[in-house]
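Have a look at the structure below, then the notes.
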Amino acid sequence: MEPFLAISLLVLLLIKSTALAAVSSHTASPGCAAGLGLLLYSTLLYATLPYHPTLPYPIRRRPSSTSRTTTTTTTTTTTTTATAAAAAVMSFAAIPILDLSLARSAATKPAFLAQLRAALLAVGFLYLANTGLPEELVRAVCREATAFFDLPDEHKLGIEMKRLPSFLGYSRLGNEMTASRADWREQLDLSTPHPVPGPSAPVYHNLLAPTQWPDPRLLPGFRPAFAEYMRQMSGISTFFTSLIAEAIGLPADAFDRFFDADQQHKLKIVKYPDGGDGVGQGVGPHKDSMLTSYLLQASAHRGLQAQNTAGEWIDCPPVPGTLVVAIGQGLEALTGGVCASTTHRVLSPAQGQGARYSIPFFQGVSYDARFESMDVPEEVRALRRDVLALSGGRRDDVEFTFVKGRWGHLGEATLMNRIKSHPDVGERWLGCPRDLLAQIRAQQAEEAKAKTDGATSSQRIAGQDSHRSGFPDGRSTLMAG
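Taken in order, the sequence shown gives residues -21 to -1, 1 to 460; the numbers are from mature numbering (1 follows the signal peptide of the UniProt record, and there is no 0).
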């Protein structure tokens, strides 16, 4: 690896940290800092990745081992230093910011797709600016979310999740499980509209409907605001998924066959109360399911963190005018691991900080779809392998929902995932016997043990076994935020 590469990688680290610091401290406008930082970020990152002539954007190839001349001590030392720098870059230290408006212009779309590919391969987490959501709509859903949680408990419990088999509705504080621990949050799960499934429908179709809404006499603006927000987010997520396909060398409509004509999407409104020490589990380490999720951080609190390949937790502070996009396990599965799904968590607000609010939107896929890997070009798969090699080959230990051969349909995997998070609903409505729930927990424990036993020697040397975050009982795959 050339000295130029080492210098470029080190400069990249500085650019990334400086750009995010400027945005977080408000010393520069988010648009200015994000635009400059991400432009340099993607340019230098792509200068360090291999060149593949069949891809639409130029990417340099590192010299092969047979063509390099690293026989001297000086050159060997330089190569080792550069490799360490490369690993540090690939183990991201900040979350990239992408400007969606660039994708709407033919002149700037190629640059956007290059930036998106870098984020997909190396991070799996990003801020998305200029989404097209009206500011008044964003203010409305934030206002209505706060108003819902201010309702007396009896009104919220009137639409409690366990009242229906759809896994939609209100969950009281501490009622959801992640990594076998209670999440210290209360929430309301909503869905785009769908008819209630008939008695002959597959059991996982119960996830489609009905949605439980707050009493309109108490919150007359709640349902109109969130119905419109989900409608607009449905369009944004579909457009963004087409961009993901293009960024990894697939046709723009490559994922369309995994969507229903009236595809269901879901949304949560979440309240994380303060009163803790600022390090407790608002929601534990997990990966989102399905394809993509879009988090509106509805208050100014920090707390959201993503885990890099070194096992470090990277803050994702609120950036005004953006959504936080997380790549889901469904997308990672369908792309054969090319698109990285990143572990993340939320820390509870510390005493006196006030409650943290968030509104994550989850793009769905057809529950009737069967697992299959996309025909991602080998050139792009090679890029992902290079990224993993630079980061030490680490893949995290979060339980993977979409395992080929385990479930016949994506809906079965999704239903089992919901039962894991809300066993009371599964037991009450879906006839899940206690021995099945015990089997689920036993399977989780076996998977966690297998991951621990299978930790590589390099991970052990680095003191980074397959449970870097102190959750030895295995992590979950769920819809969070």
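All C-beta atoms, glycine included, are put in the ideal place defined by N, C-alpha and C.
Practice item. Just tell me which of 314, 389, 387, 278 has its CA closest to the CA of residue 333. Key: Indexing the sequence shown from 1 puts residue 333 at position 354. That would be 278, whose Cα lies nearest to the Cα of residue 333.
Check your understanding: Quick one: what's got a C-beta closer than 8 Å to residue 116's C-beta in the same chain, skipping five residues either side?
Key -> Position 137 of the sequence shown, counted from the first residue, corresponds to residue 116. Here the set comprises 204, 207, 208, 211.
Check your understanding: For residue 192, which beta-bridge partners are listed by DSSP?
Key -> Within the sequence shown, residue 192 is the residue found at index 213, counting from 1. In the DSSP output, where bridge partners are listed per residue, residue 192 has none listed.
Exercise for review: Specify, as a first and last residue, the run of the alpha helix (DSSP H) that residue 89 falls within.
Suggested key: Against the sequence shown, residue 89 aligns to sequence position 110. From DSSP, the alpha helix (DSSP H) with residue 89 extends over 88 to 101.
**Study point:** residue 338 versus residue 303 - alpha carbon distance
**Key:** For this step, residue 338 is matched to residue 359 along the sequence shown. For this step, residue 303 is matched to residue 324 along the sequence shown. Rounded to whole angstroms, residue 338 to residue 303 spans 10 Å at the Cα level.
Point to revise | Three-way DSSP call (helix, strand, coil) for residue 400 in this model | key: For this step, residue 400 is matched to residue 421 along the sequence shown. Helix, per DSSP.
Check your understanding: Which term fits residue 312, buried or exposed, when burial requires 16 or more other beta carbons within 10 angstroms of its beta carbon?
Key -> Sequence index remark: in the sequence shown, residue 312 carries index 333 (1-based). Answer is buried; the Cβ neighbour count reaches 16.
Review point. Do you know whose CA, among 270, 135, 171, lies nearest residue 237's CA?
Key: As a working mapping, residue 237 is identified with position 258 in the sequence shown. Of the candidates 270, 135, 171, the one whose C-alpha sits nearest the C-alpha of residue 237 is 270.
**Study point:** Expected contact under 8 Å - CB spacing of residue 322 and residue 264 to nearest Å
**Key:** The sequence position of residue 322 within the sequence shown is 343, counting from 1. The sequence position of residue 264 within the sequence shown is 285, counting from 1. Residue 322 to residue 264, Cβ: 5 Å. Contact.
Practice item. In angstroms with no decimal places, state the Cα-to-Cα distance between residue 226 and residue 129. Key: What you label residue 226 is simply residue 247 of the sequence shown in a count that begins at 1. What you label residue 129 is simply residue 150 of the sequence shown in a count that begins at 1. Their Cα atoms are separated by approximately 43 Å.
Exercise for review: Return helix, strand or coil for residue 183, following the three-state DSSP convention.
Suggested key: Here residue 183 refers to the residue found at position 204 when the sequence shown is read from its first residue. Residue state, collapsed to three classes: helix.
Practice item. List the whole-angstrom C-beta distance separating residue 309 from residue 360, where the pair is believed to meet the contact cut-off of C-beta under 8 Å. Key: Mapped onto the sequence shown, residue 309 falls at position 330. Mapped onto the sequence shown, residue 360 falls at position 381. Not quite, the Cβ-Cβ distance comes to about 18 Å (not below 8 Å), so this is no contact.
Practice item. Can you tell me which of 348, 106, 188 puts its alpha carbon nearest to the alpha carbon of residue 392? Key: Numbered from its first residue, the sequence shown carries residue 392 at position 413. Of the listed residues, the one whose Cα sits closest to residue 392 is 348.
Exercise for review: Name the one or two DSSP bridge partners that residue 165 has.
Suggested key: Your numbering for residue 165 matches position 186 in the sequence shown. Paired residue(s): 250.
Review point. By DSSP, does residue 350 sit in helix, in strand, or in coil?
Key: Numbered from its first residue, the sequence shown carries residue 350 at position 371. Note: residue 350 maps to coil in three-state DSSP.
**Study point:** Those residues which DSSP pairs with residue 336 across a bridge
**Key:** What you label residue 336 is simply residue 357 of the sequence shown in a count that begins at 1. Partner(s): 250.
Practice item. Identify whether residue 138 lies in helix, strand or coil by the three-state DSSP scheme. Key: In the sequence shown, the residue the question calls residue 138 occupies position 159. Residue 138: coil per DSSP, three-state reduction.
**Study point:** Proximity below 8 Å, CB of residue 138 to CB of residue 193
**Key:** Locating residue 138 in the sequence shown gives position 159, counting from the first residue. Locating residue 193 in the sequence shown gives position 214, counting from the first residue. In this structure, residue 193 lies closer than 8 Å to residue 138 by Cβ.
Check your understanding: Using 8 Å as the threshold, is the stretch 107 to 121 in touch with the stretch 73 to 86, meaning 3 or more CB pairs across them?
Key -> yes
Review point. So residue 220 is in the alpha helix (DSSP H); what residue range does that whole segment cover?
Key: As a working mapping, residue 220 is identified with position 241 in the sequence shown. Where residue 220 is concerned, the enclosing alpha helix (DSSP H) stretches over 201 to 226.
Practice item. May I ask you to list the residues that DSSP assigns as paired with residue 80? Key: Position 101 of the sequence shown, counted from the first residue, corresponds to residue 80. BP columns for residue 80 are empty, so no partner.
**Study point:** Close-in-space but distant-in-sequence residues of the same chain around residue 167 (CB under 6 Å, 5 per side omitted)
**Key:** Stepping through the sequence shown from its first residue, residue 167 is reached at position 188. Contacts found: 149, 248.
Exercise for review: Taking only the alpha-carbon atoms, compute the straight-line gap between residue 344 and residue 400 and give it to the nearest angstrom.
Suggested key: Taking the sequence shown and counting its residues from 1, one reaches residue 344 at position 365. Taking the sequence shown and counting its residues from 1, one reaches residue 400 at position 421. Cα-Cα distance, rounded: 19 Å.
Review point. Hey, how far is the Cα of residue 93 from the Cα of residue 320?
Key: Position 114 of the sequence shown, counted from the start, is the residue given in the question as residue 93. Position 341 of the sequence shown, counted from the start, is the residue given in the question as residue 320. Cα-Cα distance, rounded: 18 Å.
Exercise for review: Measure the alpha-carbon distance for residue 291 versus residue 261 and round it to whole angstroms.
Suggested key: Residue numbering aside, residue 291 sits at position 312 when the sequence shown is read from its first letter. Residue numbering aside, residue 261 sits at position 282 when the sequence shown is read from its first letter. Rounded to whole angstroms, residue 291 to residue 261 spans 18 Å at the Cα level.
Review point. Using a Cβ-Cβ cut-off of 8 Å (strictly less than) and excluding sequence neighbours within five positions of residue 53, which residues of its own chain qualify?
Key: Indexing the sequence shown from 1 puts residue 53 at position 74. Reliability of the predicted coordinates at residue 53 is poor, the pLDDT of 38 falling under 50, and no value is obtained from them.
Exercise for review: Spatial neighbours of residue 305 within its chain, please: CB distance less than 6 Å, with the 5 preceding and 5 following residues excluded, ordered by chain position.
Suggested key: For the purposes of this step, residue 305 is identified with residue 326 of the sequence shown, where counting begins at 1. The residues are 104, 267, 272.
Exercise for review: Determine the burial state of residue 351: buried for a count of at least 16 other Cβ atoms within 10 Å of its Cβ, exposed for fewer.
Suggested key: The sequence position of residue 351 within the sequence shown is 372, counting from 1. That one is exposed.
Review point. Do you know how far the Cα of residue 90 is from the Cα of residue 76?
Key: Numbered from 1 along the sequence shown, position 97 holds the residue referred to as residue 76. Numbered from 1 along the sequence shown, position 111 holds the residue referred to as residue 90. Between residue 76 and residue 90, the C-alpha separation is close to 13 Å.
Point to revise | Buried versus exposed, by CB contacts within 10 Å (16 or more), residue 330 | key: Position 351 of the sequence shown holds residue 330. That one is exposed.
Exercise for review: State the DSSP-derived secondary structure class of residue 243, mapped to helix, strand or coil.
Suggested key: Reading the sequence shown from its first residue, position 264 is the one you call residue 243. DSSP places residue 243 in coil when its eight states are reduced to three.
**Study point:** Simplified DSSP state of residue 322, which is helix, strand or coil
**Key:** Position 343 of the sequence shown holds residue 322. DSSP places residue 322 in coil when its eight states are reduced to three.
Point to revise | Whole-angstrom distance between residue 336 and residue 276, CA atom to CA atom | key: The residue given as residue 276 occupies position 297 in the sequence shown. The residue given as residue 336 occupies position 357 in the sequence shown. When rounded, the distance between both Cα atoms is 7 Å.
Practice item. Less than 8 Å between the CB atoms is what I'm expecting for residue 229 and residue 191, so what's the real figure, rounded? Key: Position 250 of the sequence shown, counting from 1, holds the residue named residue 229. Position 212 of the sequence shown, counting from 1, holds the residue named residue 191. Their Cβ separation, rounded to whole angstroms, is 37 Å, which puts residue 229 and residue 191 out of contact at 8 Å.
Practice item. Kindly indicate which residue of 121, 165, 233, 342 has the alpha-carbon position closest to the one of residue 202. Key: Locating residue 202 in the sequence shown gives position 223, counting from the first residue. Comparing Cα positions, the closest option is 121.
Check your understanding: Rounded to the nearest angstrom, how far is the Cβ of residue 296 from that of residue 281, given a contact under 8 Å?
Key -> Translated into the one-based positions of the sequence shown, residue 296 becomes position 317. Translated into the one-based positions of the sequence shown, residue 281 becomes position 302. Correct: roughly 5 Å between the Cβ atoms.
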